[in-house]
Every structure is written in structure tokens, then in C-alpha cells.
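Asks:
Protein chains: 2
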Amino acid sequence: MALIVQKYGGTSVSSPERIKNVARRIARWKAQGHRLVVVVSAMAGETNRLLALAREVQNHPHPRELDVMVSTGEQVTIALMSMALMDLGLKARSYTGGQVKILTDSAHTRARIMSIDEERLRADLADDHVVVVAGFQGVDEAGNITTLGRGGSDTTGVALAAALKADECQIYTDVDGVYTTDPRIVPEARRLRTITFEEMLEMASLGSKVLQIRSVEFAGKYKVKLRVLSSFEEEGDGTLITFEEDENMEQAIISGIAFNRDEAKITILGVPDRPGIAYQILGPIGDANMDVDMIVQNVGHDGMTDFSFTVHRNDYQKALEILKPVIEHIKARGVVSGDKIAKVSVVGVGMRSHAGIASAMFRTLAEEGINIEMISTSEIKISVVIDEKYLELAVRMLHKAFALDQQPA
Amino acid sequence: MALIVQKYGGTSVSSPERIKNVARRIARWKAQGHRLVVVVSAMAGETNRLLALAREVQNHPHPRELDVMVSTGEQVTIALMSMALMDLGLKARSYTGGQVKILTDSAHTRARIMSIDEERLRADLADDHVVVVAGFQGVDEAGNITTLGRGGSDTTGVALAAALKADECQIYTDVDGVYTTDPRIVPEARRLRTITFEEMLEMASLGSKVLQIRSVEFAGKYKVKLRVLSSFEEEGDGTLITFEEDENMEQAIISGIAFNRDEAKITILGVPDRPGIAYQILGPIGDANMDVDMIVQNVGHDGMTDFSFTVHRNDYQKALEILKPVIEHIKARGVVSGDKIAKVSVVGVGMRSHAGIASAMFRTLAEEGINIEMISTSEIKISVVIDEKYLELAVRMLHKAFALDQQPA
Numbered sequence: 070m071a072l073i074v075q076k077y078g079g080t081s082v083s084s085p086e087r088i089k090n091v092a093r094r095i096a097r098w099k100a101q102g103h104r105l106v107v108v109v110s111a112m113a114g115e116t117n118r119l120l121a122l123a124r125e126v127q128n129h130p131h132p133r134e135l136d137v138m139v140s141t142g143e144q145v146t147i148a149l150m151s152m153a154l155m156d157l158g159l160k161a162r163s164y165t166g167g168q169v170k171i172l173t174d175s176a177h178t179r180a181r182i183m184s185i186d187e188e189r190l191r192a193d194l195a196d197d198h199v200v201v202v203a204g205f206q207g208v209d210e211a212g213n214i215t216t217l218g219r220g221g222s223d224t225t226g227v228a229l230a231a232a233l234k235a236d237e238c239q240i241y242t243d244v245d246g247v248y249t250t251d252p253r254i255v256p257e258a259r260r261l262r263t264i265t266f267e268e269m270l271e272m273a274s275l276g277s278k279v280l281q282i283r284s285v286e287f288a289g290k291y292k293v294k295l296r297v298l299s300s301f302e303e304e305g306d307g308t309l310i311t312f313e314e315d316e317n318m319e320q321a322i323i324s325g326i327a328f329n330r331d332e333a334k335i336t337i338l339g340v341p342d343r344p345g346i347a348y349q350i351l352g353p354i355g356d357a358n359m360d361v362d363m364i365v366q367n368v369g370h371d372g373m374t375d376f377s378f379t380v381h382r383n384d385y386q387k388a389l390e391i392l393k394p395v396i397e398h399i400k401a402r403g404v405v406s407g408d409k410i411a412k413v414s415v416v417g418v419g420m421r422s423h424a425g426i427a428s429a430m431f432r433t434l435a436e437e438g439i440n441i442e443m444i445s446t447s448e449i450k451i452s453v454v455i456d457e458k459y460l461e462l463a464v465r466m467l468h469k470a471f472a473l474d475q476q477p478a
Numbered sequence: 070m071a072l073i074v075q076k077y078g079g080t081s082v083s084s085p086e087r088i089k090n091v092a093r094r095i096a097r098w099k100a101q102g103h104r105l106v107v108v109v110s111a112m113a114g115e116t117n118r119l120l121a122l123a124r125e126v127q128n129h130p131h132p133r134e135l136d137v138m139v140s141t142g143e144q145v146t147i148a149l150m151s152m153a154l155m156d157l158g159l160k161a162r163s164y165t166g167g168q169v170k171i172l173t174d175s176a177h178t179r180a181r182i183m184s185i186d187e188e189r190l191r192a193d194l195a196d197d198h199v200v201v202v203a204g205f206q207g208v209d210e211a212g213n214i215t216t217l218g219r220g221g222s223d224t225t226g227v228a229l230a231a232a233l234k235a236d237e238c239q240i241y242t243d244v245d246g247v248y249t250t251d252p253r254i255v256p257e258a259r260r261l262r263t264i265t266f267e268e269m270l271e272m273a274s275l276g277s278k279v280l281q282i283r284s285v286e287f288a289g290k291y292k293v294k295l296r297v298l299s300s301f302e303e304e305g306d307g308t309l310i311t312f313e314e315d316e317n318m319e320q321a322i323i324s325g326i327a328f329n330r331d332e333a334k335i336t337i338l339g340v341p342d343r344p345g346i347a348y349q350i351l352g353p354i355g356d357a358n359m360d361v362d363m364i365v366q367n368v369g370h371d372g373m374t375d376f377s378f379t380v381h382r383n384d385y386q387k388a389l390e391i392l393k394p395v396i397e398h399i400k401a402r403g404v405v406s407g408d409k410i411a412k413v414s415v416v417g418v419g420m421r422s423h424a425g426i427a428s429a430m431f432r433t434l435a436e437e438g439i440n441i442e443m444i445s446t447s448e449i450k451i452s453v454v455i456d457e458k459y460l461e462l463a464v465r466m467l468h469k470a471f472a473l474d475q476q477p478a
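So the protein sequences, as listed, match chains A and B.
So for the first sequence, the working numbering puts the first residue at 70; every next one is plus one.
So for the second sequence, the working numbering puts the first residue at 70; every next one is plus one.
Laid out in C-alpha cells, this is it:
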């Protein structure tokens with residue numbers, strides 16, 4: 070008998086019928102004697118419907134009022150889910166973020182959770198209730214309704230699990246776990262039984278959309294045992310995200326191949342190699358609220374160097390505009406750039422103790438004639454930027470080279 | 070410069086375009102220097118949509134969860150209305166019932182307002198905000214979301230006006246005021262510039278659907294100046310509901326003709342004329358949660374009398390069932406009943422000081438050959454039950470007989 074927090078996303082509660090299906094699944098967990106807290110998102114499509122309605126009234130909807138509005142999406146789902154559970158003979162009670170209460174800062178549409186008052190939930194759990202909580206939302210000190218931003222329901226689930234010291238936080242999604250890479254590109258991709266938090270963080274930040282990155286950070290910080298499961302399949306243990314490496318029974322050196330096509334690269338040629346030059350280039354980019362991902366600067370020659378970085382493709386043209394006066398000011402030789410690139414990364418905690426991963430990766434790409442344009446590494450990840458057209462080929466070959474299709478010994 | 074509470078119903082906020090229209094109207098009031106609190110309903114159709122969704126999940130939706138769900142309807146409107154006001158350059162802020170907070174009892178789906186904490190609203194008003202409040206909803210002591218039942222937004226408006234000691238509470242509806250009778254039956258029906266609370270209460274209870282009866286009671290209790298206006302027409306002062314008769318400048322003896330077709334009559338013949346008999350008959354009816362409207366019992370003969378009353382047509386068959394054993398038990402002679410009846414009432418505070426109203430009414434009906442089946446009177450109202458087929462004729466003739474088509478001197 071455990072205390073389990075389960076989170077169900079928008080597609081798994083998109084209709085009364087699906088809500089009833091989820092309720093039946095919850096009832097089976099309850100029948101096993103577990104205490105359950107269920108976090109739900111808005112019904113799929115509802116948040117977008119509300120956003121569209123808001124934009125019909127105000128071009129740039131006021132953030133405070135937008136939160137009042139979109140938070141109704143989850144509020145409808147918690148009521149329906151509680152009804153569905155009661156219809157199965159269970160005791161159930163719904164809570165909005167404000168009712169819990171989930172206290173956040175006042176950054177409307179992207180608030181962060183500060184604390185959770187779990188008192189009422191504990192009382193309901195002790196009284197054998199399934200507690201149903203609205204994901205994605207909270208209230209600030211002044212009682213204003215806030216939302217955590219897209220995907221915030223995952224974070225609500227993890228934060229509740231942390232506050233309640235739950236035995237496990239289960240995130241039910243469209244997929245049945247975390248894979249070695251995207252099965253649409255590599256059919257042999259294999260579901261991981263476990264993955265470490267650090268690996269999951271890298272995978273999430275590299276574009277693997279299974280979990281919202283903030284929820285993974287949260288889980289890591291509060292040592293919440295997190296599991297990704299399919300909301301449509303009954304069988305399977307999903308992927309457990311562990312925070313102790315020795316729990317990782319698979320002992321793989323590399324856990325997965327991540328990739329994304331969201332970036333564009335900008336290289337400034339002939340930059341004077343002197344202190345402060347990186348700040349002069351990236352300062353204006355940051356001031357314009359653009360995120361810079363990879364940054365590469367090599368050893369210079371003759372007092373000059375080349376400075377490269379990547380930005381999100383949506384920011385690409387704006388970044389080039391911003392850099393025009395900068396390039397002139399610092400007297401750089403020029404700029405080359407492109408958005409037909411892809412980033413491919415191998416991720417694995419094993420590379421801490423295993424040499425030769427980088428050279429194996431580079432050899433694999435070289436054998437296929439794929440040129441590496443940029444390289445960036447962290448302790449458990451090696452990322453390369455390549456021509457976008459080679460993306461699928463690179464992922465397939467790396468997956469094979471690191472034998473990811475085979476269960477580790 | 071006054072403090073005004075305005076309430077806009079579902080049809081006047083049924084689309085982004087209509088919400089913008091209402092916002093422009095509010096802006097004009099604001100431009101005149103008034104401080105404004107705006108109460109809004111759910112967009113027309115939304116409450117029914119949510120109810121249908123709930124019933125797909127649970128046949129008889131749990132009242133607590135139903136309130137969580139349907140309260141989102143007004144929550145969406147307050148956000149949209151605040152956005153529309155800000156889009157016009159006004160300062161605006163929305164509040165749910167819980168945020169205000171509007172404290173109610175815990176009778177879900179039909180809660181009653183206990184108190185209102187108007188502190189935050191006052192601060193916003195002092196800071197030149199238009200305050201937008203969700204109608205129809207509140208919270209109980211434990212923080213559970215409650216709703217006031219259908220039409221409850223009127224009550225929210227009046228209760229806020231009472232708490233804030235507003236100069237006036239304006240209820241914007243589909244019609245531009247209270248009429249001497251239904252203009253669909255009598256085209257000459259005239260909008261009343263004023264009507265007293267007592268008259269309005271009688272009109273509302275007699276089926277005139279302009280205002281929810283509870284809101285009128287509330288206004289009378291807290292001496293809130295209430296005005297009914299059209300939400301679609303710009304011109305016109307609507308109808309002011311006054312609580313002092315001397316404010317009623319029109320000095321009419323009769324203010325209006327009300328009617329309804331919602332009732333059925335039941336007469337029990339040959340009832341033993343002894344103490345306790347009325348209770349023996351109506352007790353079981355009340356126990357079954359049926360409302361009895363008119364009750365008539367005349368002087369008896371030979372220890373026997375006839376006992377008549379009316380119930381809502383929806384309760385008619387059930388009432389007859391319930392009475393079967395009662396009639397046997399009290400040894401009454403039998404029962405006659407029918408649901409093809411209508412009730413017509415003349416209402417006016419003037420009849421307190423003017424004799425002859427009843428006889429004028431009866432003469433008018435007699436001249437048209439309309440038989441009166443039951444009569445019931447109060448201090449400011451005379452109601453008769455007649456054959457349903459004569460309803461329109463009776464209303465037209467009474468409207469003419471009391472010269473209601475003409476403005477009083």
C-alpha cells in the first residue's frame with residue numbers, strides 16, 4: 070500500500086468516455102489498497118479554444134486575466150474526473166490549485182510553485198478519498214489565479230508528490246516510456262526500463278518531449294521517484310527515472326540519442342580575440358529575450374577568432390538584425406549563418422567513466438560522410454551540429470553504433 | 070459621480086463581439102465619472118453545455134463537483150470582460166465569487182449568500198478600476214465552490230450593491246424594463262418608469278420573468294435601488310424599483326396584469342369541516358416537496374366543505390397519486406381537478422387605499438363571459454383562476470379596463 074500521485078494529460082481526458090476509462094484505471098489502483106492523488110490537465114483542445122477566445126477580445130490578452138480564463142480548463146476536468154470516480158462507487162473530491170492551495174509567485178502564465186499546503190489533501194486521503202487536483206495552476210500571495218505555463222501539469226504532479234512525500238509520481242502520457250531514440254526514425258528504438266535524472270534532463274532539454282523539463286528538475290531536487298507510463302495501454306511498467314546511478318540496472322554507457330531541428334547557427338568571423346568580446350556579442354541577444362543554446366569559440370590566431378552559437382529558429386532573423394550593428398562596432402570580418410541544421414546528441418551517465426565515446430561518435434559520422442559543424446559537450450552528453458538533411462541517417466547510425474537496439478547485459 | 074453595480078446576463082455576453090459592446094457601454098458610464106462594479110453571467114449556452122458534459126459522465130452529477138464545473142462559465146466571462154475593458158484603455162480586474170469573497174452556505178447548486186467581503190473591491194475602486202465579478206457563485210466556509218442556482222447572477226449584483234452601499238444596482242436584460250403586462254399579448258402594454266418592491270415581488274412570483282425573485286427580496290431587505298434596463302438598447306431609463314411608495318410618481322392604482330399557465334387545480338369535494346383537515350390534505354403534498362400556490366376553502370354546510378388548491382403542472386399527476394389514500398382516509402366525497410387553467414392577477418399598491426378594484430376586475434371578466442374558478446387576494450394583488458383558453462382575452466380586457474395603456478396623471 071503506497072501513496073501514489075498520478076498525472077493524466079489532455080489527450081487521456083479529452084472526452085467523457087476517456088475520462089471514464091481513466092477513472093476505471095484509477096479504481097484498479099485503488100482496489101490494490103493504494104492512496105491516490107490524481108492530477109489532470111484540461112481536456113485536449115480546451116486550452117487552445119480558450120486562448121483563441123481571449124485573442125478575439127484582446128490582441129495580447131492581459132496575463133492575469135488570461136490565467137483566470139485558461140485555468141477553467143483544468144477546473145472542468147477535475148469535476149468530471151471526480152464525478153466519474155464517484156460513479157464507480159469511489160469517494161472522490163476535486164481541488165483547484167487555489168483550493169489546495171498551491172502557492173506560486175506572481176509571474177502570470179509562467180508562474181513557479183513556491184509551496185504547497187497539503188493539509189486538506191492529507192485529511193481526504195486519510196478518509197479514503199481519491200483526491201483530484203487541477204494541474205498547471207496555483208494562486209499567488211494576493212489570491213490571484215496563476216498558471217505554470219504549457220506542460221505545467223507535470224510539475225504540479227511532481228510538486229504534489231514532493232509535498233506529500235509520495236512513494237511514486239506516475240506521469241501518464243501518449244507514449245509508454247522513454248525510448249533510446251524516436252521510434253519514428255529508428256524502428257529498433259527500445260524503451261528504457263530506467264534512466265537517470267541527469268540523462269532525462271539532457272534528453273528533455275535536447276527536445277525529447279516526454280516530460281516537461283521543469284518537472285524533471287523538480288523531481289531531481291526533491292528526490293521524487295518519477296515514472297513515465299502510457300495512458301492508453303494497460304500493460305507495461307513504463308520508464309522509471311532514478312536519481313541514484315546504482316539503481317540503473319541496465320548499466321548502459323549510452324542511454325539514448327536525442328536530436329532537434331529547432332535551431333539555427335550563427336558564426337561571426339574574424340572577431341578580435343580579447344576579453345569581453347563574448348559578452349559584447351551575446352549581451353544584446355540576451356537583452357532581446359532570446360535563448361542561446363550552443364556556444365563555440367576556438368583558440369584564436371593572430372588576435373582573431375571565430376565565434377559561433379545557435380538560437381531557436383524562430384529567433385534567427387531577429388538575431389541577425391540585432392547583430393548587424395554589433396559586428397560593425399567590434400569590427401568583425403563578417404557573419405555566416407544558416408537554419409538548415411540539426412543537432413544530434415548522445416546521452417549517457419556511462420561516459421563519465423568510459424573513454425572513447427566522443428571518438429566513436431565522430432568516427433560513425435565520418436564513415437557516413439557527415440560533416441560536423443559544431444561540437445559541444447557536457448559531462449554526460451556530446452552534441453554535434455550537422456546539415457539537417459543527414460539527421461535521420463546520423464541518428465540511425467549512432468543508434469546502431471552504440472548498440473542501443475540491444476538490451477544491455 | 071455615483072457607485073453603480075451593473076449586471077449583464079448571458080445573452081448580452083454571448084460572444085466576443087457582444088462582450089466588446091458591453092465594454093463600450095461600461096466605458097461611457099465610466100467616462101461620466103462613476104465608479105463601477107460589473108457582474109456578469111456565463112456566456113449564453115455555456116452553462117447548459119457544461120451541464121450536458123457532466124451528465125455524460127454521471128447521471129446525477131454530484132452537486133459539489135457540478136458547482137466546481139459550472140462556475141467556470143462565469144469565470145471565463147469575467148476574464149474576457151476585463152480584457153475588453155483594458156482594450157479600451159480602462160483599468161479593470163476580475164474576481165471569482167471565491168476571490169471576492171462571497172461567502173455562502175453549503176447548499177450546492179442553490180446556495181444562499183451569507184456575507185460579502187468587499188475590502189479588495191473597495192481598494193480597486195479607489196484605484197479607479199472597473200471591478201468585474203462573476204455572478205451566480207460563491208464559496209462556503211470550507212472553501213468549496215458553490216452556486217446560487219439559475220438566475221443567481223441577479224442576486225450577486227444586488228448583494229454586492231448592498232455590501233458596497235452602491236447608489237444603484239442596474240440589471241441589464243433582454244427587455245428594456247418592467248411592463249404593465251406581456252406586450253406579446255397586449256401590444257399597448259406600457260413600460261413602467263417605476264414599480265414598488267412589493268409590486269415587483271408579486272409580479273415576479275406570478276411569473277413575470279424579468280428579475281429573479283430572490284434578488285428582489287434581497288434588494289427589498291437591504292434597500293438597494295434596483296433598475297431594470299435593456300442590454301441591447303442604448304436609450305431609456307428602464308424601470309426603477311423603489312421601496313418607498315412616495316417615490317412612485319405615477320400614482321397608478323394598478324401597476325400591471327400578471328399571469329401564468331404553470332398551474333393545475335385540485336378540488337377535494339365533501340371534506341369534513343373540522344380542525345386539522347387542511348393539514349391532513351396538504352401535509353403529504355409538502356412532504357413530497359411540492360409547492361402549493363393558491364388555497365381556497367369556503368364556509369361549509371352540514372359539516373362539509375370543498376377544499377381547493379393549485380400546484381405546478383409538473384407536480385399535478387404526482388399530487389393526485391399522493392391524495393388518493395388521503396381522500397379515502399378522511400372520507401371525502403371525491404376529487405375534481407384539471408390542468409387547463411390559467412391564473413390572472415392584477416397587482417398594485419394603490420388597491421390598499423382604493424375600494425372597488427376587485428369588483429371592477431370581476432365585472433370585466435363577467436362581461437366577457439369568463440367564469441372565475443378560484444379567487445385569492447393579498448393586500449396588493451387579486452388573483453383569479455380561469456379556463457386557460459380565455460387567458461389572452463382576460464389579460465387584454467383587464468389591461469384596458471384599468472387604463473394601463475395610458476400614462477397615469
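Ideal placement from N, C-alpha and C gives every residue a C-beta, glycine not left out.
(1) Are A203(B) and G226(B) touching if we call contact CB-CB under 8 Å?
(2) Is there a Cβ from chain A that is less than 8 Å from the Cβ of A153(B)?
(3) Exposed or buried, what is V137(A) when buried is set at 16 or more other beta-carbons lying within 10 Å of its beta-carbon?
(4) Look up K334(A) in the DSSP assignment and give the residues it is bridged to.
(5) List the endpoints of the continuous beta strand (DSSP E) containing K393(B).
(6) How do the stretch 193-203 of chain B and the stretch 247-255 of chain B stand: do at least 3 beta-carbon pairs fall below 8 Å, yes or no?
(7) Cutting at 8 Å between CB atoms, please list the residues of its own chain near R93(A), excluding the five before and the five after it.
(8) Against chain B, does A232(A) count as a neighbour if the rule is that its beta carbon must be under 8 Å from one of theirs?
(9) Could you give the DSSP three-state label for F205(A): helix, strand or coil?
(10) Return the residues of the stretch 288-309 of chain A that lie within a Cβ-Cβ distance of less than 7 Å from chain B, sorted by chain order.
(11) State the Cα-Cα distance for the pair I149(A) and N128(A), rounded to the nearest angstrom.
(12) Does the beta carbon of M138(B) sit closer than 8 Å to a beta carbon anywhere in chain A?
(13) In chain A, which residues lie less than 9 Å from T141(B) when you measure between Cβ atoms?
(14) In the DSSP assignment, find the alpha helix (DSSP H) that holds K99(B) and state where it starts and stops.
(15) Output the distance between the C-alpha atoms of A121(A) and E86(B), rounded to the nearest integer angstrom.
(16) Would you call the stretch 394-410 of chain B and the stretch 335-343 of chain B touching, i.e. three or more CB-CB distances under 8 Å?
(17) Of all the CB atoms in chain A, is at least one closer than 8 Å to the CB of P85(B)?
(18) For Q75(B), list the residues DSSP reports as bridge partners.
(19) Where do the ends of the beta strand (DSSP E) carrying T263(B) lie?
(20) Nearest-angstrom Cα distance between T116(B) and S140(B)?
(21) Can you name the residues of chain B whose CB is closer than 7 Å to the CB of A163(A)?
(22) Determine contact between the stretch 414-422 of chain B and the stretch 234-241 of chain B, defined as no fewer than three beta-carbon pairs at a distance below 8 Å.
(23) Counting along the chain, where does the beta strand (DSSP E) carrying K450(A) start and finish?
(24) Exposed or buried, what is E448(B) when buried is set at 16 or more other beta-carbons lying within 10 Å of its beta-carbon?
(25) Does V200(B) have its Cβ less than 8 Å from a Cβ in chain A?
(26) Spell out whether any CB of chain A is found under 8 Å from the CB atom of E187(B).
(27) Within its chain, find whatever has a CB closer than 6 Å to the CB of Y459(A); leave out the 5 residues flanking it on each side and keep chain order.
(28) Can you list, in chain order, the residues of its chain whose CB lies under 8 Å from that of V464(B), leaving out five sequence neighbours each side?
(29) Scan the stretch 200-229 of chain A for residues whose Cβ lies nearer than 7 Å to a Cβ of chain B and list them as they occur along the chain.
(30) For H468(A), which residues in chain B fall below 8 Å Cβ to Cβ?
(31) Give the residues of chain A in contact with E125(B), contact being defined as C-beta atoms less than 7 Å apart.
(32) Does any CB atom of chain B fall closer than 8 Å to the CB of L122(A)?
(33) Using the C-alpha atoms, what's the distance from K292(B) back to N317(B)?
(34) Rounded to a whole number of angstroms, what is the C-alpha to C-alpha distance between V404(A) and V380(A)?
(35) Can you name, in chain order, every residue of its own chain whose Cβ lies under 8 Å from the Cβ of E268(A), other than the five neighbours on each side?
(36) Relative to chain A, which residues along the stretch 70-100 of chain B have a C-beta separation below 7 Å, given in chain order?
Replies: This is what the structure gives:
(1) The residue given as residue 203(B) occupies position 134 in the second sequence. The residue given as residue 226(B) occupies position 157 in the second sequence. Not in contact: A203(B) and G226(B) (Cβ atoms no closer than 8 Å).
(2) Within the second sequence, numbered from 1, the residue matching residue 153(B) stands at position 84. Cβ-Cβ to chain A under 8 Å: yes for A153(B).
(3) Translated into positions along the first sequence, residue 137(A) becomes position 68. V137(A) is buried by the Cβ-count criterion.
(4) The residue given as residue 334(A) occupies position 265 in the first sequence. Residue pairing for K334(A): DSSP places it in a beta bridge opposite T379(A), G407(A).
(5) On the second sequence, residue 393(B) is found 324 positions in, with the first residue counted as 1. Annotation for K393(B): no beta strand (DSSP E) segment contains it, though the alpha helix (DSSP H) segment containing it runs 385-399.
(6) Output reads no: the stretch 247-255 of chain B does not touch the stretch 193-203 of chain B.
(7) Translated into the one-based positions of the first sequence, residue 93(A) becomes position 24. L157.
(8) For this step, residue 232(A) is matched to residue 163 along the first sequence. Not closer than 8 Å to any Cβ of chain B, the Cβ of A232(A) fails to qualify, so no.
(9) As a working mapping, residue 205(A) is identified with position 136 in the first sequence. F205(A): coil per DSSP, three-state reduction.
(10) Interface annotation for the stretch 288-309 of chain A against chain B: empty, criterion Cβ-Cβ distance under 7 Å.
(11) For the purposes of this step, residue 149(A) is identified with residue 80 of the first sequence, where counting begins at 1. For the purposes of this step, residue 128(A) is identified with residue 59 of the first sequence, where counting begins at 1. Reading off the sequence, residue 149(A) comes out as Leu, not Ile. Answer to the nearest angstrom: the Cα atoms are 32 Å apart.
(12) Sequence index remark: in the second sequence, residue 138(B) carries index 69 (1-based). Among the residues facing chain A, M138(B) is included, as its CB has a counterpart in that chain under 8 Å away.
(13) Position 72 of the second sequence, counting from 1, holds the residue named residue 141(B). Correct list: S140, T141, G142, Q144, V145, A148.
(14) Looking up residue 99(B) in the second sequence gives position 30. 85-100 is the span of the alpha helix (DSSP H), which, as asked, contains K99(B).
(15) By one-based count along the first sequence, residue 121(A) stands at place 52. By one-based count along the second sequence, residue 86(B) stands at place 17. Separation of A121(A) and E86(B) (C-alpha to C-alpha, rounded to the nearest whole angstrom) is 14 Å.
(16) Yes, the stretch 394-410 of chain B is in contact with the stretch 335-343 of chain B.
(17) Position 16 of the second sequence, counted from the first residue, corresponds to residue 85(B). With 8 Å as the cut-off, P85(B) counts as an interface residue toward chain A.
(18) Walking along the second sequence from the start, residue 75(B) turns up at place 6. Answer by DSSP bridge pairing, in chain order: V107(B), Q239(B).
(19) Counting from 1 along the second sequence, the entry for residue 263(B) is found at position 194. T263(B) -> beta strand (DSSP E) spans 263-265.
(20) One-based indexing of the second sequence puts residue 116(B) at position 47. One-based indexing of the second sequence puts residue 140(B) at position 71. The alpha-carbon atoms of T116(B) and S140(B) are separated by roughly 8 Å.
(21) To locate residue 163(A), count along the first sequence from 1; it is residue 94. Correcting the residue identity first, residue 163(A) is Ser in this sequence and not Ala. Ordered by position in chain B, the residues that pass the 7 Å Cβ test against S163(A) are E134, V137.
(22) With a cut-off of 8 Å, the stretch 234-241 of chain B and the stretch 414-422 of chain B do not count as touching, because too few Cβ pairs lie within range.
(23) Position 381 of the first sequence, counted from the start, is the residue given in the question as residue 450(A). Unbroken beta strand (DSSP E) run through K450(A): 450-456.
(24) Counted from its first residue, the second sequence places residue 448(B) at position 379. That one is exposed.
(25) For the purposes of this step, residue 200(B) is taken as residue 131 along the second sequence, with counting starting at 1. Answer no: the Cβ-Cβ gap between V200(B) and chain A never drops below 8 Å.
(26) Here residue 187(B) refers to the residue found at position 118 of the second sequence. Output row for E187(B): interface = no.
(27) Start at 1 with the first residue of the first sequence, and residue 459(A) comes out as number 390. The answer, listed in chain order, is I439.
(28) Position 395 of the second sequence, counted from the first residue, corresponds to residue 464(B). Only residues of its own chain outside the window of five on either side were considered, and among them T250, D251, I254, V255, I326, F328, V413 have a CB closer than 8 Å to the CB of V464(B), listed in chain order.
(29) Answer in chain order: G212.
(30) Position 399 of the first sequence, counted from the start, is the residue given in the question as residue 468(A). None at all; the shortest Cβ gap to chain B is about 43 Å.
(31) Against the second sequence, residue 125(B) aligns to sequence position 56. The contacting residues are P85.
(32) Counted from its first residue, the first sequence places residue 122(A) at position 53. Yes, because at least one Cβ of chain B sits closer than 8 Å to the Cβ of L122(A).
(33) On the second sequence, residue 317(B) is found 248 positions in, with the first residue counted as 1. On the second sequence, residue 292(B) is found 223 positions in, with the first residue counted as 1. Interpretation of N317(B) is limited by its pLDDT of 49, a score under 50 that renders its predicted location unreliable; no figure is taken from the coordinates.
(34) Locating residue 404(A) in the first sequence gives position 335, counting from the first residue. Locating residue 380(A) in the first sequence gives position 311, counting from the first residue. A direct Cα-to-Cα measurement between V404(A) and V380(A) gives close to 15 Å.
(35) Residue numbering aside, residue 268(A) sits at position 199 when the first sequence is read from its first letter. These residues qualify, in order along the chain: S324, G325, V416, G417, V418, I449.
(36) Within the stretch 70-100 of chain B, the qualifying residues are P85, I88, K89.
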